[in-house]
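2 protein chains.
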Amino acid sequence: MNHRITLAERPVGDIADSCFARDDVPIPVPGPGEVLAEVTWLSIDPTIRGWMAFDTYLPAIEIGAPIRSSGLATVIESNNDAYPVGATVTGMTNWQQYVVFERGFRVLPDDVPPEAALSVFGTTGLTAYFGLLDVGRPVAGETVLVSGAAGATGSVVGQIARIKGCRVVGIAGSVEKCSWLVDELGFDEAINYKTDNVRRSIRAACPDGVDVFFDNVGGDILEAAINNLALRGRVVLCGAISQYNDVAPTPGPRNLSVLIGRRGRMEGFIVLDYLRRAGEAISDLAGWVGDGELSYRTHVVDGLDNAPQALNTLFTGENTGKAMVRL
Amino acid sequence: MNHRITLAERPVGDIADSCFARDDVPIPVPGPGEVLAEVTWLSIDPTIRGWMAFDTYLPAIEIGAPIRSSGLATVIESNNDAYPVGATVTGMTNWQQYVVFERGFRVLPDDVPPEAALSVFGTTGLTAYFGLLDVGRPVAGETVLVSGAAGATGSVVGQIARIKGCRVVGIAGSVEKCSWLVDELGFDEAINYKTDNVRRSIRAACPDGVDVFFDNVGGDILEAAINNLALRGRVVLCGAISQYNDVAPTPGPRNLSVLIGRRGRMEGFIVLDYLRRAGEAISDLAGWVGDGELSYRTHVVDGLDNAPQALNTLFTGENTGKAMVRL
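Chains Y and W supply the protein sequences, listed in that same order. Going by our numbering, 1143 is the number at position 317 of the first sequence; the sequence numbering is gapless. Going by our numbering, 1010 is the number at position 184 of the second sequence; the sequence numbering is gapless.
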């Protein structure tokens, strides 16, 4: 049988256990051109909260369908030459033990560890790479500020910015996370938003202003960053995790008109638009990992049934590194 | 003597009479390389409110100094070959009868009426031209939404968008203004924000979404426009007149994360950055005015001492067209 975790009801506020149901259905049979694969790992990402709740850049998950999620799988039956039996593939596996697909998956080289495939070489790494370089367009010598800096995406953003010759300042939620950013990842400074005055700390850490703000968080931190934006500064809107669990829409930054006087640009993006350029990013990222220039860490939870709990760690900040589930 | 209106105190909320003082000082004597000119017209712009209150993209006006303002003047004494006696010049005349300058003014051709020089060929026209075309980058067939559409800048923005082959929707504050937009300026539709549900009206008038939103207003109208943004839509932040008189900062749009899913871009600009490209804009604008494709109207107030009252019409919406003072 195919064990699955499905959407029982849409989240309102925090993601409650009652949002999820578990069932066992017959293992699907691949048709002509189709492939059956056994799911081995799941990538746990904040965007899943949005997919559960409403239509976003993808339609909302239907009630009763397995939770949408990317992951890794091993091909066990194939009617498609592009996906040979035994290959490790990555794509939308969803929260289940077996997946059938015809396209939309990518075969991974054998030598990539699963933890790397789902973090630095997965959508997390691509999000950091294209969001920072294509949308933020930092120039060597500029100051890059990152929120959610100890998170899976933010930690890669900050390291790429350092590699590109920028001054890098991170915002994170604990002393331990801030130390990790500065001592191990080579950030120039880190701000603990739980204990520091964020606006003043940004000003102190970015005396020439913020040239690129890569925002994973939204809310008050976004407002504080806008306040410190340099002339022609750019705000890369990647996520707004501080607001995903809000029941009612929360007010936005009160200082958007700062963007006028400072000729600022604020721009959103979705990594799906960049998947066809994945090779370009992975080649750079693999080079930097190989050189020891780029580190990553993962937060591995065991067992499909623990996926909901792994998802919730993203909102409590309990995870340290890219959250993933090993089946 | 040189009669002046100076800054007596900084505005808090609405611009009170007590913000202004009047004095008479000796007519300044031009030194080497300098020019003395008699001020003939003043351009009355919302940005003056900001200059009076605090540092913006220019330092705040000093207490006791004449109110900063662009305008027209006639050269009456010149130690500078670039500015011959009798020439009409435009630049920062400030609110006074006589101005001395050495540079930063532009000589106007003799055949430009003052009303046109200060509106469609002045910073208003340049703001509309570069803000729409350089920042908004509309493409023929796209939908352009303009707030403050019956204002000096907005009315030119909408007409340029029409000339460029876009569907144009304006937001204004009276039945009369809306009729003017549609019947005389060729807007496709107009929304009266005082009587219509703005969010629903935008959706109805822009069924394929808003590709470019040119915002002069900020606040709730900005939020409503973001809600209707098309994929890869652009928000041009030109002004936020709804908020300039606010005593405390007002919350921003609650839906900024729409920019993520729709890959939206929001960007501010200041027309001063484009002054060196003024010729390019004025050449196009003059062609369109000559062809009868581009109309403008002006709101002329007589007498330097009435400049404060002219400024206040911008915030009450009483003006219909570019506000200016004839000395």
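All C-beta atoms in this analysis are idealised placements derived from N, C-alpha and C, irrespective of residue type, glycine included.
Within chain Y, partners of glycine 857 (chain W) - CB distance below 9 Å: Those do not exist, as glycine 857 (chain W) stays about 33 Å from chain Y at its closest Cβ, beyond 9 Å.
Cross-strand partners of lysine 1148 (chain W) (DSSP beta bridge): Answer is W:Thr1124, bridged to lysine 1148 (chain W).
Close-in-space but distant-in-sequence residues of the same chain around aspartate 1128 (chain W) (CB under 7 Å, 5 per side omitted): Excluding residues within five positions, the ones whose Cβ falls inside 7 Å are Arg1152.
Sub-8 Å separation of alanine 943 (chain Y) and threonine 900 (chain Y) beta-carbons: Cβ atoms of alanine 943 (chain Y) and threonine 900 (chain Y): not closer than 8 Å.
Burial state of lysine 1148 (chain Y) (16 or more Cβ within 10 Å): So lysine 1148 (chain Y) ends up on the buried side.
CB of cysteine 1064 (chain W) within 8 Å of CB of phenylalanine 1040 (chain W), strictly: Using a Cβ distance threshold of 8 Å, cysteine 1064 (chain W) and phenylalanine 1040 (chain W) count as a contacting pair.
Extent of the continuous beta strand (DSSP E) run through glycine 930 (chain W): No beta strand (DSSP E) contains glycine 930 (chain W), which DSSP labels as neither H nor E.
Beta carbon proximity, serine 869 (chain Y) to chain W, threshold 8 Å: The beta-carbon of serine 869 (chain Y) is placed no less than 8 Å from the nearest beta-carbon of chain W.
Closer than 8 Å to chain W by CB, threonine 979 (chain Y): Answer no: the Cβ-Cβ gap between threonine 979 (chain Y) and chain W never drops below 8 Å.
Residues that proline 892 (chain Y) bridges to, as DSSP identifies them: Answer is Y:Thr832, bridged to proline 892 (chain Y).
Residue span of the alpha helix (DSSP H) that contains glutamate 1010 (chain Y), given as start and end: Neither: glutamate 1010 (chain Y) is in no alpha helix (DSSP H) and is coded neither H nor E.
Against chain Y: residues of the segment 1076–1087 of chain W by CB proximity under 7 Å: If the cut-off is 7 Å between Cβ atoms, the segment 1076–1087 of chain W has Thr1076, Pro1077, Gly1078, Pro1079, Arg1080, Asn1081, Leu1082, Ser1083, Leu1085, Ile1086, Gly1087 near chain Y.
Threonine 882 (chain Y) to glycine 876 (chain Y) span [Cα, whole Å]: Answer to the nearest angstrom: the Cα atoms are 7 Å apart.
From W:Thr953, W:Ser945, W:Ile989, residue whose alpha carbon lies closest to that of proline 964 (chain W): Checking every option, the nearest Cα to that of proline 964 (chain W) belongs to W:Ile989.
Assigned secondary structure, glutamate 1106 (chain W) (DSSP; H/G/I helix, E/B strand, else coil): Helix.
Residues in the segment 965–976 of chain W having any Cβ partner in chain Y nearer than 9 Å: The residues in question: there are none.
Proximity of serine 904 (chain Y) and valine 861 (chain Y) at Cβ, strictly below 8 Å: With a cutoff of 8 Å on beta-carbon distance, serine 904 (chain Y) and valine 861 (chain Y) are scored as near each other.
Three CB pairs or more closer than 8 Å across the segment 917–935 of chain Y and the segment 1115–1122 of chain Y: Flag = no, the segment 917–935 of chain Y and the segment 1115–1122 of chain Y do not touch.
Inter-stretch contact (C-beta, 8 Å, three-pair minimum) for the segment 1054–1073 of chain W and the segment 1077–1093 of chain Y: With a cut-off of 8 Å, the segment 1077–1093 of chain Y and the segment 1054–1073 of chain W count as touching, because enough Cβ pairs lie within range.
CB-CB length for asparagine 867 (chain Y) against methionine 1150 (chain Y), believed under 8 Å: Per the sequence shown, residue 867 (chain Y) should be read as tryptophan rather than asparagine. Right, their Cβ atoms sit about 6 Å apart.
Nearest residue (CA-CA) to valine 970 (chain W), options W:His829, W:Leu959, W:Ile889: With distances taken between Cα atoms, valine 970 (chain W) lies closest to W:Leu959.
For leucine 884 (chain W), the three-state DSSP class (helix, strand or coil): The three-state reading of DSSP puts leucine 884 (chain W) in coil, since its state is none of H, G, I, E or B.
Reference glycine 767 (chain W); option with closest CA among W:Ala879, W:Ala834, W:Phe927: Chain W is shown only over 827 to 1153; residue 767 (chain W) falls outside these bounds and no answer can be derived.
Cutoff 8 Å: alanine 1066 (chain W) Cβ touching any chain Y Cβ: Chain Y places a beta carbon closer than 8 Å to that of alanine 1066 (chain W), counting this residue as a contact.
Identified DSSP bridge partners for alanine 863 (chain W): W:Val901, W:Val925, per the DSSP bridge assignment.
Beta carbon proximity, methionine 1092 (chain Y) to chain W, threshold 8 Å: Cβ-Cβ to chain W under 8 Å: yes for methionine 1092 (chain Y).
Sequence-distant residues of its chain with Cβ nearer than 6 Å to arginine 848 (chain W) (five each side left out): The beta carbon of arginine 848 (chain W) sits closer than 6 Å to those of Ile831, all from its chain and outside the five residues before and after it, given in chain order.
Where the beta strand (DSSP E) through glutamate 1213 (chain Y) begins and ends: This structure does not reach residue 1213 (chain Y), given that chain Y is present from 827 up to 1153, and the question cannot be answered.
Within 8 Å, strictly: CB atoms of leucine 952 (chain Y) and valine 1097 (chain Y): Pairing leucine 952 (chain Y) with valine 1097 (chain Y) gives a Cβ-Cβ distance under 8 Å.
Cβ contact (3+ pairs, closer than 8 Å) linking the segment 909–920 of chain Y and the segment 841–855 of chain Y: Contact between the segment 909–920 of chain Y and the segment 841–855 of chain Y is absent, because fewer than three Cβ pairs lie under 8 Å.
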